[in-house]
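Taking it in order: structure first as structure tokens, then the write-up.
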Amino acid sequence: MSVQDQIKGFGITFRTMLQKPLTLGYPEVKTPVFPRFRGRHQLWRYDNGLEKCVGCSLCVAACPADCIRVVAEENTQEHRVSAGERYARIYEINMSRCIFCGYCEVACPFDAITLEHSYELSERERDLMVYTKDMLLTPAPKQPPLRTEGQRV
Amino acid sequence: MMQPWWIMVIKTAFIVFVVITGFAYALLWERKLIGRFQQRYGPNRAGPLGYLQPLADVVKLVFKEDFVPAGANRILFQMAPVISVVAAVTAIAMIPFGTAIHILGYRIPMVGADVSVGVLVLFAMSGLGFYGLVLGGWASGNKYSLLGSARTAAQLVSYEVAMGLSIVGVVMLSRSLSLVDIVESQRSGLWWVLVQPVGFVIFMITAVAETNRPPFDLPESESELVGGFHTEYAGMKFAMFAMAEYVNMLVVSALGACLFLGGYLGPWLPGWLWLVIKITATVFVFIWIRSTLPRLRYDQLMRFGWKVLLPIATANLVLTAIIVGVFFSK
Numbered sequence: 001m002s003v004q005d006q007i008k009g010f011g012i013t014f015r016t017m018l019q020k021p022l023t024l025g026y027p028e029v030k031t032p033v034f035p036r037f038r039g040r041h042q043l044w045r046y047d048n049g050l051e052k053c054v055g056c057s058l059c060v061a062a063c064p065a066d067c068i069r070v071v072a073e074e075n076t077q078e079h080r081v082s083a084g085e086r087y088a089r090i091y092e093i094n095m096s097r098c099i100f101c102g103y104c105e106v107a108c109p110f111d112a113i114t115l116e117h118s119y120e121l122s123e124r125e126r127d128l129m130v131y132t133k134d135m136l137l138t139p140a141p142k143q144p145p146l147r148t149e150g151q152r153v
Numbered sequence: 154m155m156q157p158w159w160i161m162v163i164k165t166a167f168i169v170f171v172v173i174t175g176f177a178y179a180l181l182w183e184r185k186l187i188g189r190f191q192q193r194y195g196p197n198r199a200g201p202l203g204y205l206q207p208l209a210d211v212v213k214l215v216f217k218e219d220f221v222p223a224g225a226n227r228i229l230f231q232m233a234p235v236i237s238v239v240a241a242v243t244a245i246a247m248i249p250f251g252t253a254i255h256i257l258g259y260r261i262p263m264v265g266a267d268v269s270v271g272v273l274v275l276f277a278m279s280g281l282g283f284y285g286l287v288l289g290g291w292a293s294g295n296k297y298s299l300l301g302s303a304r305t306a307a308q309l310v311s312y313e314v315a316m317g318l319s320i321v322g323v324v325m326l327s328r329s330l331s332l333v334d335i336v337e338s339q340r341s342g343l344w345w346v347l348v349q350p351v352g353f354v355i356f357m358i359t360a361v362a363e364t365n366r367p368p369f370d371l372p373e374s375e376s377e378l379v380g381g382f383h384t385e386y387a388g389m390k391f392a393m394f395a396m397a398e399y400v401n402m403l404v405v406s407a408l409g410a411c412l413f414l415g416g417y418l419g420p421w422l423p424g425w426l427w428l429v430i431k432i433t434a435t436v437f438v439f440i441w442i443r444s445t446l447p448r449l450r451y452d453q454l455m456r457f458g459w460k461v462l463l464p465i466a467t468a469n470l471v472l473t474a475i476i477v478g479v480f481f482s483k
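One line per chain: the protein sequences are D and G, in this order. The opening position of the first sequence corresponds to residue 1 in this note's numbering, with each subsequent residue numbered one higher. The opening position of the second sequence corresponds to residue 154 in this note's numbering, with each subsequent residue numbered one higher.
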């Protein structure tokens, strides 16, 4: 370790000090996500308002964390909810168990469930972490900013 | 006319207030700067830009449990932080922060106490401050603390010598041990750092060691001794050790400013502001060193102190003595 090396080291730290910090001021500045980021789930409807989900429970079978619960019921003429024969009377996802693997999305034959970008999913109580069908049918109020490949945050 | 006692009281209260505020913001600034050196922001949550962080820290520490370990020597354990803080705050009284002013016919020197052997008193106080560290570590009844204390003692002995020798050159040049006289001897604008560059460098290195700051923070060494002498300390007692460390940092920065950088002397701006600027610059160098260099190993510390710093300081001293004796003797 020569003296030149020491001085070089001091130069590096000084230059680092003048650079902009890499920290994102999180609650004010949201971390941008890639387009294929897997966050909060969303259930989808057709344009005519009918739900895409037919209550087949394939997502339940695919889920490695066992966090989805579906109870299906027949559609009737008076009470038509989904486009298929049956619909999901109960569709719950326990967000505290979900590992955001996206298998439910892959398993779904009707593209009824997808993983969206929202990642702010904390609640003050565990019970509130169980998202009901109504919650999943409404898009998350705030979407985080998008980020493209190779872009530095 | 001599200054009356009430002016002394006001001055003391003022200096203690400034020192404690200075400590709080030195700590905040260190954390912010270290953050910048590591490409992060540092504390910026409490209040605007994080400037209420010291207050938040104090509130947190006050409400912590006042804990004394079972194997500890209770009295010494309680005393140790007090010794450190008292020594550190007493030392700052020797630092002059302006030229004397005249109010109501009294001549009021802008210094806590203009002691004729100010440098020696300051050194005595910084030596006394180490007793707090050594006793605190020993009284904790914990082997990590004890090791930290042992290292503190060894480090003090090794670096105090070189530090003393590095400033004797300045004392010889200014022909006084009073810090006021030393500062006044630089009034021509010839700061002693220009005459004694080697002494200044040695002083800065030993000052880092004296304040137990990285890369000389062996008494603490959080990676190997958990926290060294303050392993068992929490709450306000821990805060007092931290305060002693930072006040010591301000003291050695002020001492360096007075001895080598012309103290409160400077053009245009008022004296106290010049002193603040010089102290801030020195503290910045301390933080810069901390963020750049890794901690020394124990044998490296000893070798550097005894085989590098001490011979250079002695050579510098002898050379200065010869030059002063031959050319400037009256």
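We put the CB at the ideal spot given by N, CA and C, even for glycine.
- Taking G:Asn197 as the centre and dropping the five residues before and after it, the same chain places the C-beta of Gly203 closer than 6 angstroms to its C-beta, in chain order.
- DSSP, reduced to helix, strand and coil, places D:Thr23 outside both helices and strands of the structure shown, so it counts as coil.
- Close CB contacts of G:Val477 within its chain, under the 7 angstroms cut and outside five residues either way in sequence, are with Met325 and Leu326 (chain order).
- At least one C-beta of chain G is nearer than 8 angstroms to the C-beta of D:Gly9.
- Taking CB atoms only, D:Leu146 has no neighbour in chain G less than 8 angstroms away.
- Contacts with chain D at 8 angstroms (Cβ-Cβ) include G:Tyr194.
- Using a CB distance below 8 angstroms, no part of the region 383-396 of chain G faces chain D.
- Short of 7 angstroms from the beta carbon of G:Lys390, and not among the five residues preceding or following it, lie these beta carbons of its own chain, in chain order: Pro234.
- Chain D places no beta carbon closer than 8 angstroms to that of G:Thr359, leaving this residue out of the contacts.
- Under the DSSP assignment, G:Thr252 falls outside any beta strand (DSSP E); it carries neither an H nor an E label.
- With the criterion set as a beta carbon lying under 9 angstroms from some beta carbon of chain D, the members of the region 421-454 of chain G are Trp441, Ile442, Ser444, Thr445 and Leu446, in sequence order.
- Judged by pairs of C-beta atoms under 8 angstroms, the region 167-181 of chain G does not touch the region 272-289 of chain G, as fewer than three such pairs exist.
- Per DSSP, the beta bridge partners of D:His41 are D:Leu115.
- Remark: C-beta atoms of G:Gly290 and G:Leu299 approach each other more closely than 8 angstroms.
- At a cut-off of 8 angstroms between beta-carbon atoms, D:Gln4 makes no contact with chain G.
- Around the beta-carbon of G:Asp370, 16 or more other beta-carbon atoms lie within 10 Å, marking it buried.
- Contact with chain G is absent for D:Phe34, since none of that chain's Cβ atoms lies less than 8 angstroms from the residue's Cβ.
- Neighbours of G:Arg227 in chain D, taken as residues whose beta carbon is under 8 angstroms from its own, are absent, since the nearest beta carbon is some 43 angstroms off.
- Apart from the 5 residues on each side of it in sequence, G:Ala253 sits with its Cβ closer than 7 angstroms to the Cβ of Arg260, Ile261, Pro262 and Met263 in its chain, given in chain order.
- For the C-beta of G:Phe190, the chain D residues within less than 8 angstroms are, from N- to C-terminus, Thr13, Thr16 and Met17.
- Just so you know, the alpha carbons of D:Asp66 and D:Pro145 end up roughly 30 angstroms apart.
- Counting only Cβ-Cβ distances below 9 angstroms, D:Pro141 has no contacts in chain G at all, with the closest Cβ about 25 angstroms away.
- For D:Asn94, DSSP records a beta bridge to D:Val130.
- Assignment of G:Arg198 by DSSP, reduced to helix, strand and coil, places it in the coil class.
- The Cβ atoms of G:Ile355 and G:Leu412 do not sit closer than 8 angstroms to each other.
- The DSSP assignment places no complete run of the beta strand (DSSP E) inside the region 261-306 of chain G (cut-off: 3 residues).
- Looking from the CA of G:Glu337, the closest CA among G:Gly251, G:Ile358 and G:Ile256 belongs to G:Gly251.
- Under the DSSP assignment, G:Val235 falls outside any beta strand (DSSP E), being part of the alpha helix (DSSP H) whose first and last residues are Arg227 to Ile245.
- If you check the CB distance, G:Phe439 and G:Val323 do not come in under 8 angstroms.
- Contact check for D:Cys108 against D:Cys63 fails: the beta carbons are separated by 8 angstroms or more.
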